[in-house]
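For the record, the sequence lines run as chains A and B.
Following this note's numbering, the numbering of the first sequence begins with 1 at its first residue and continues without gaps.
Following this note's numbering, the numbering of the second sequence begins with 1001 at its first residue and continues without gaps.
The structure appears below as structure tokens.
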Amino acid sequence: MPTLFGTPVRRKEDPRLITGHGNYTDDIRLPDLLYAAILRSPYAHARIRSIDVGKARALPGVVAVFTGADIAGKVAPIPTGWIVPEADQKLPPHPALAQEKVRYVGDGVAMVVAESRAVAEDALEQIEADYEPLTPVVDAEQAIAPSAPLVHEDVPNNVVLHWQAGSDVATAQQAFASAEVAVHRRFKNQRLVPNAMEPRASVAQYNPGSGELTLWTTSQNPHIVRLLLSGVIGVPEQKLRVVAPDVGGGFGSKIPFYPEEALVSFAAMQLGRPVKWTETRSENFLATTHGRDQIQDVVLYGTKDGKIVGVEANILANMGAYLSTAAPGVPTILFGLILPGAYAIPHVRIDVKGVLTNTTPIEAYRGAGRPEATFIIERLVDEYAHEIDMDPVEVRRKNFIPADAFPYNTSTGLTYDSGNYELTLRKALDAVDYTQLRQRQEKLRKQGHLIGIGTCSYVEICGLGPSKVAGAVGFQGGLWESAIVRVHPSGKVNVYVGVSPHGQGEETTFAQIVADTVGVPIEDVSIVHGDTAAIPMGWGTYGSRTTPVGGSALALAAQKVADKAKRLAAHLLEASPDDVVMQDGLFQVKGVPQAQATFQQVALAAYTAWDLPEGEEPGLEASSFYDPPNFVYPFGTHLCVVEIDRETGNVHILRYVAVDDCGRVINPMIVEGQVHGGIVQGIGQALWEGAVYDDQGQLLSGSMMDYALPKASFFPRFEVYRTETPAPFNPLGVKGIGETGTIASTPTVVNAVLDALRPLGIEDLEMPLTPQRIWQALQQHGGDRS
Amino acid sequence: MGVTVHTRVNGQPIEREIEARQLLVYFLRDELGLTGTHVGCDTSQCGACTVWLDGRAVKSCTVLAAQVDEHEVTTVEGLAETVPEAQRIEGLHPVQAGFWEKHGLQCGFCTPGMMMTAAELLANSERLSQQEIREALEGNICRCTGYQDIVDAVAFAAEKMGVSVERDVTASI
Chain A
1 MPTLFGTPVR
11 RKEDPRLITG
21 HGNYTDDIRL
31 PDLLYAAILR
41 SPYAHARIRS
51 IDVGKARALP
61 GVVAVFTGAD
71 IAGKVAPIPT
81 GWIVPEADQK
91 LPPHPALAQE
101 KVRYVGDGVA
111 MVVAESRAVA
121 EDALEQIEAD
131 YEPLTPVVDA
141 EQAIAPSAPL
151 VHEDVPNNVV
161 LHWQAGSDVA
171 TAQQAFASAE
181 VAVHRRFKNQ
191 RLVPNAMEPR
201 ASVAQYNPGS
211 GELTLWTTSQ
221 NPHIVRLLLS
231 GVIGVPEQKL
241 RVVAPDVGGG
251 FGSKIPFYPE
261 EALVSFAAMQ
271 LGRPVKWTET
281 RSENFLATTH
291 GRDQIQDVVL
301 YGTKDGKIVG
311 VEANILANMG
321 AYLSTAAPGV
331 PTILFGLILP
341 GAYAIPHVRI
351 DVKGVLTNTT
361 PIEAYRGAGR
371 PEATFIIERL
381 VDEYAHEIDM
391 DPVEVRRKNF
401 IPADAFPYNT
411 STGLTYDSGN
421 YELTLRKALD
431 AVDYTQLRQR
441 QEKLRKQGHL
451 IGIGTCSYVE
461 ICGLGPSKVA
471 GAVGFQGGLW
481 ESAIVRVHPS
491 GKVNVYVGVS
501 PHGQGEETTF
511 AQIVADTVGV
521 PIEDVSIVHG
531 DTAAIPMGWG
541 TYGSRTTPVG
551 GSALALAAQK
561 VADKAKRLAA
571 HLLEASPDDV
581 VMQDGLFQVK
591 GVPQAQATFQ
601 QVALAAYTAW
611 DLPEGEEPGL
621 EASSFYDPPN
631 FVYPFGTHLC
641 VVEIDRETGN
651 VHILRYVAVD
661 DCGRVINPMI
671 VEGQVHGGIV
681 QGIGQALWEG
691 AVYDDQGQLL
701 SGSMMDYALP
711 KASFFPRFEV
721 YRTETPAPFN
731 PLGVKGIGET
741 GTIASTPTVV
751 NAVLDALRPL
761 GIEDLEMPLT
771 PQRIWQALQQ
781 HGGDRS
Chain B
1001 MGVTVHTRVN
1011 GQPIEREIEA
1021 RQLLVYFLRD
1031 ELGLTGTHVG
1041 CDTSQCGACT
1051 VWLDGRAVKS
1061 CTVLAAQVDE
1071 HEVTTVEGLA
1081 ETVPEAQRIE
1091 GLHPVQAGFW
1101 EKHGLQCGFC
1111 TPGMMMTAAE
1121 LLANSERLSQ
1131 QEIREALEGN
1141 ICRCTGYQDI
1151 VDAVAFAAEK
1161 MGVSVERDVT
1171 ASI
């Protein structure tokens, strides 16, 4: 049987999804189902004077109305799951429904439960909530001003955490002070709205007789939800079942444990009937977590001949009104430690203040910290290159960690596993014939065209991660993964995994691994994920960890099964296991062609157990818990060519080249799909997307009419290439690929746009680089005329 | 206030007493159990709810169920049956087959609407450029795929349906 590892196998998840037979949370229908709707605060900051739910309760079809007072003492506050050490991190309480005060537009105030979705929404309009508006604070910089209103009274100056990292302070300061060149910049890495296409939804069903509660929910990590839900609603963990069925994208916004998950569970227990809540897209904009939102004061220090000496970053990270589940780790650990990027930078200093504001809570969003860090270093490298009059590509090349230096210890304390950064750069440059491209650019510029070329060479940290490190950096959980490979008596195989894919295709890639290892056709392997009643404990899908960590667990379990099957086959064939080979689903004894047993015969023999080898247990299954010894560090170079329309300020992407290295590739088709999607999301940030609040904390970009999501016609065909440097620390040799596109493409495109505009004297522009923003800059710099 | 709707959905005659304000998408999902059609937004931007009304792609979140009285609705569950059996691939509409073959979906949430739009495009085209395919998908948002494999999926289906598609060219810069 040819190996499936490395082949573009069509996805096993697709037949149900392309025929309308997926099963997303909102598709779940149960007898006697009730529907919940949430009344949300129209104010960013206000004291609740009173809530009158009388009229709402009286509406026919309304079953119950709950306010903050009704749940107090019964539903515990929503906890955060990351406590960053040595950061003086505060833990402001986050009630599932507001108590006394509301802290952002969208904060839950009351929940209606009714016989239908429509009646529940009607009833919301009948609730009379009276507020005393308070002055809100929206911007992180204003929030730390001494006179700023406090989002939480017990968090002084709204600083919820203050984290510092990097190399030795005194040495670094000395190096910074004596550097020949210092490039100062202030970047705003704007707030984004993840906009997974499937809005969040939760359905809870309670059995009062057994005390068991099942929650179906749109989650990337059902076991984390179960653990936190148990503490919040007081149902013991063994009586809680959390199911993430088909999940329609997450991008980090479905990591958190959310108030609504606790609220529908509570309502189902109170009312003895199942309760469903599905958010509208408008609610998703307000009450599902956002991403990014940093003000970055940064400096790159270097020599005149292009050697980077150090990087310094002072960051204000807007955290929103409450600390979401994984949020504290994003602008700290996942951001700061990767700041040096692909370069050997001896001195790095990072200072991060996490700031509370009256806005929607921030959480991981595709890349989570790494895009914000990569943007800094990759933008600074371009500015530095311009400053010393060197080609940005040359500066990159001069400062890369060389291929023979791995494993490489960074000045921020990481150990990069493997890499060949120069190779990806070379491949990207070759793809466009860079030298000639620069010449053509020069010629076109003379003809009046605003042509820009941008590059970015990134490295990222993912495959989260060793549990020991997780503990050391304050993640309140482990980061290992588990898998059970279970062969049934008929020889068919189920695999149960703790990770929770939601679009990444692991029902296929995992089946490829198992089919190869166990020696069965891929059609005979089905992956089970997302249901805590079926799967072993696992920490979920985020941080590009599903394949490097979950896949490794699975590969090890599959190997145990393969080994046992071989021992059983040898026993059946009266041969030594060393003489038995498995080929095309058939066990054979070397040199004895007639001695054969099918995999199915071996599986059946394992279960009938009529004749097992001495000391062998019946059955044919194995489990594995895999804790990786290190993170994985994918890397690559992206390159983009743009032309800017002088009359409209519109950016046309003429070419986009991606060269990525994610180690060994299981399914190239799926890897390329991840790259495409990541690129588009990252370009979304560069050019169009941005959450905009007014000074009263109203989200102005609160719908898909106001928030510009990328569409098909905005892009040319991407030119996608790979290099393959195996990951040395996991059994599959794989790294993550889910976030690289988002990490690389934002600075690539911004660098390209600024390269186009630089001849006009335009040195920097804030993202998103909308036509309006560029057009205004062109007007100011006389660039509207060619 | 209730109204009676007589309609055909995926070829099946349907008669239902419904609330006059009910949207077509909830009629399909909640009354008929056709949950392949999804709700992704509330402003008719995302296109996840796209179905055919008398063969034309419409956003079912912006159509009242009452409006389909005496009209015909097709959803993703009935998509394969809109082409003759000889044109189906493994029992699928060529667009469905294309999405599978070319990795035109990841999470799958936007996919039914995306396919309904694409299938309408192909049913009414003889020749398409890749850019025309991209522009035809203007009303359908996908957050996972970056669209490239969707374009390839549609081009794959086009070929199977006798619609010619011009190849993409890299910009001459």
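Just so it is clear, CB atoms sit at the ideal spot from N, CA and C, and this is done for glycine as well.
Computed from a predicted structure; not experimentally measured.
- Distance from the Cα of A/Thr-217 is smallest, within the candidate group A/Asp-755, A/Ile-484, A/Lys-239, A/Tyr-24, for A/Tyr-24.
- For A/Pro-146, the number of other beta carbons within 10 angstroms of its own is below 16, and it is reported as exposed.
- Between A/Thr-455 and A/Arg-379, the gap from beta carbon to beta carbon reaches 9 Å or more.
- Separation of the CB atoms of A/Trp-688 and A/Thr-748 is rounded to 15 Å, and the pair is thereby denied contact status at 8 Å.
- For the pair A/Leu-356 and A/His-290, the Cα-to-Cα distance works out to about 14 Å.
- In the DSSP assignment, A/Asn-399 falls within the alpha helix (DSSP H) that extends over 392–399.
- If you check the CB distance, A/Thr-648 and A/Trp-775 come in under 9 Å.
- Interface annotation, B/Ala-1171: in contact with chain A, CB-CB separation under 9 Å.
- Boundaries for B/Met-1114: no beta strand (DSSP E) harbours it, while the alpha helix (DSSP H) harbouring it runs 1111–1123, taken from the DSSP string.
- For A/Asn-195, the chain B residues whose C-beta falls within less than 7 Å of its own C-beta are Arg-1143, listed in chain order.
- The C-beta of A/Val-641 comes closer than 9 Å to at least one C-beta of chain B.
- As for any alpha helix (DSSP H) of minimum length 4 sitting wholly inside the stretch 659–738 of chain A, the runs are 668–683, ordered along the chain.
- Counting of Cβ neighbours within 10 angstroms places A/Met-705 among the exposed residues, the total staying below 16.
- Neighbours of A/Ser-282 in chain B, taken as residues at a C-beta separation under 7 Å, are given in chain order as Asp-1042.
- Distance check between A/Ala-58 and each of A/Val-518, A/Ala-69, A/Thr-374, A/Val-119 places A/Val-119 closest, using alpha-carbon atoms only.
- In the pairwise beta carbon analysis, the stretch 361–369 of chain A is classified as not touching the stretch 431–446 of chain A: fewer than three pairs are separated by under 8 Å.
- For A/Glu-617, the secondary structure class from DSSP, reduced to helix, strand or coil, is coil.
- Contacts between A/Gly-736 and chain B, judged by CB atoms closer than 9 Å, are missing: the closest CB pair is about 15 Å apart.
- At a beta-carbon threshold of 7 Å, the residues of chain B lying near A/Leu-17 are Leu-1105, Gly-1108, Thr-1111, ordered along the chain.
- Within a 10 Å sphere around the beta-carbon of B/Asn-1124 sit fewer than 16 other beta-carbons, which makes this residue exposed.
- Fully contained in the stretch 52–98 of chain A are the following beta strand (DSSP E) runs of length 3 or more, in chain order: 62–67.
- At a cut-off of 9 Å between beta-carbon atoms, A/Lys-90 makes no contact with chain B.
- Per DSSP, the continuous alpha helix (DSSP H) segment holding A/Pro-15 begins and ends at 14–18.
- Scanning chain B for C-beta atoms nearer than 9 Å to the C-beta of A/Phe-718 yields Gly-1146, Gln-1148, reported in chain order.
- Going by DSSP, A/Asp-130 is part of the beta strand (DSSP E) stretching over 128–133.
- When the beta-carbon positions are compared, A/Thr-517 and A/Val-473 stay at least 9 Å from each other.
- Taking the beta carbon of B/Leu-1137 as reference, the chain A residues within 9 Å of it are Lys-711, Ala-712, Ser-713, listed in sequence order.
- DSSP lists A/Gln-296 as the beta-bridge partner residues of A/Phe-187.
- For the stretch 765–782 of chain A, the set of residues with a beta-carbon nearer than 9 Å to any beta-carbon of chain B is empty.
- Ranked by Cα distance from B/Asp-1030, the first of A/Trp-82, A/His-45, A/Arg-117 is A/Arg-117.
- In its chain, beyond the 5 residues on either side, Ser-41, Pro-42, Tyr-43, Ala-44, Leu-286, Gly-697, Gln-698, Leu-699 have a beta carbon closer than 7 Å to the beta carbon of A/Val-105.
- Neighbours of A/Gln-504 in chain B, taken as residues at a C-beta separation under 8 Å, are given in chain order as Gln-1106.
- An exposed status is given to A/Arg-785, since fewer than 16 other beta-carbon atoms sit within 10 Å of its beta-carbon.
- Within the stretch 145–172 of chain A, the complete beta strand (DSSP E) segments of 3 residues or longer fall at 159–166, listed in chain order.
- Residues of the stretch 1055–1069 of chain B with a Cβ closer than 8 Å to any Cβ of chain A: none.
- In the three-state reduction of the DSSP assignment, B/Val-1009 falls in the strand class.
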